[in-house]
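So the sequence shown is numbered by the numbering used here: it starts at -19 and just counts up by one. Quick notes on the structure that follows.
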Amino acid sequence: MKLLKYTVITLVFISDISLANLSLENSWVRAAPMNSTKMSAYGLLKNNTMSSFNLIRIEASGFKNTQIHQSQINKEIMSMKELKNFTIEANSEIELTPGGKHIMLQSPMKIFKIDDSVELLLFFESSYEEKVIRVNAPIKREAP
C-alpha cells in the first residue's frame, strides 16, 4: 500500500509540464472580474504516445469545482456543454481555446490576480494505464 501511495505521488510531481509524452503546453487562465464565479483555462493538450487517453477529471487549486466544456453555437446563440470526458488520440493534439473546448474553473476560494497561477492536475486513463500531469497555468488578460 505504501508503495502504491509513493508511486502516485511520484507520478503527480515528476514534472510541471509533461509525463511520458502526455502534456498541456502554453497553459493559461483568463483573468475575470473580482466577483466572477467562473474562470477558464486553456492550452495545447498533446499526446505523443502510442495510446489513446481519456481526460477523465481535472482538479484546480483554489477552486471548488472543475469541468471540461465545449462551446457551441446553436441558432446564433453561444452556449457551453459539459463533457464528462474526452479522448485524445495517440500522436495527436487538442487545442483548448476560447470558443472551443476548455477547462471551466468554478467557485474560486480566493481572489486571483494577473500573474498568479493556478495548479491544474489532469487525470487521464487508457485501456491499460492511468496518468496524472500537473501544470501551473498563469492568469493572463489575453492568450500569451
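All C-beta atoms, glycine included, are put in the ideal place defined by N, C-alpha and C.
Buried or exposed (CB count within 10 angstroms, at least 16 for buried), residue i
| i | result |
| --- | --- |
| I48 | buried |
| I68 | buried |
| E61 | Checking the sequence shown, residue 61 turns out to be Lys, not Glu. K61 comes out exposed. |
| V38 | Note on identity: in this sequence residue 38 is Ile, with Val being the wrong assignment. Buried, because 16 or more other Cβ atoms sit within 10 Å of the Cβ of I38. |
| T46 | buried |
| Y22 | buried |
| K55 | exposed |
| S7 | buried |
Whole-angstrom distance between residue j and residue i, CA atom to CA atom
| i | j | result |
| --- | --- | --- |
| I36 | L102 | 8 Å |
| K64 | S106 | 15 Å |
| S32 | T77 | 21 Å |
| R114 | I53 | 31 Å |
| A117 | T29 | 23 Å |
| S20 | E5 | 15 Å |
| M58 | G42 | 27 Å |
| F92 | M14 | 8 Å |
| P124 | F66 | 25 Å |
| K44 | N34 | 22 Å |
Residue from the options whose Cα sits closest to the Cα of residue i
| i | options | result |
| --- | --- | --- |
| L25 | A70, M58, K93 | A70 |
Beta carbon proximity, residue i to chain C, threshold 7 Å
| i | result |
| --- | --- |
| T29 | The structure shown contains no chain C, having only a single protein chain. |
Whole-Å CB distance - residue i paired with residue j, under 8 Å assumed
| i | j | result |
| --- | --- | --- |
| A40 | L100 | 5 Å |
| I119 | S87 | Going by Cβ atoms, the distance from I119 to S87 rounds to 16 Å, so no, they are not a contact pair. |
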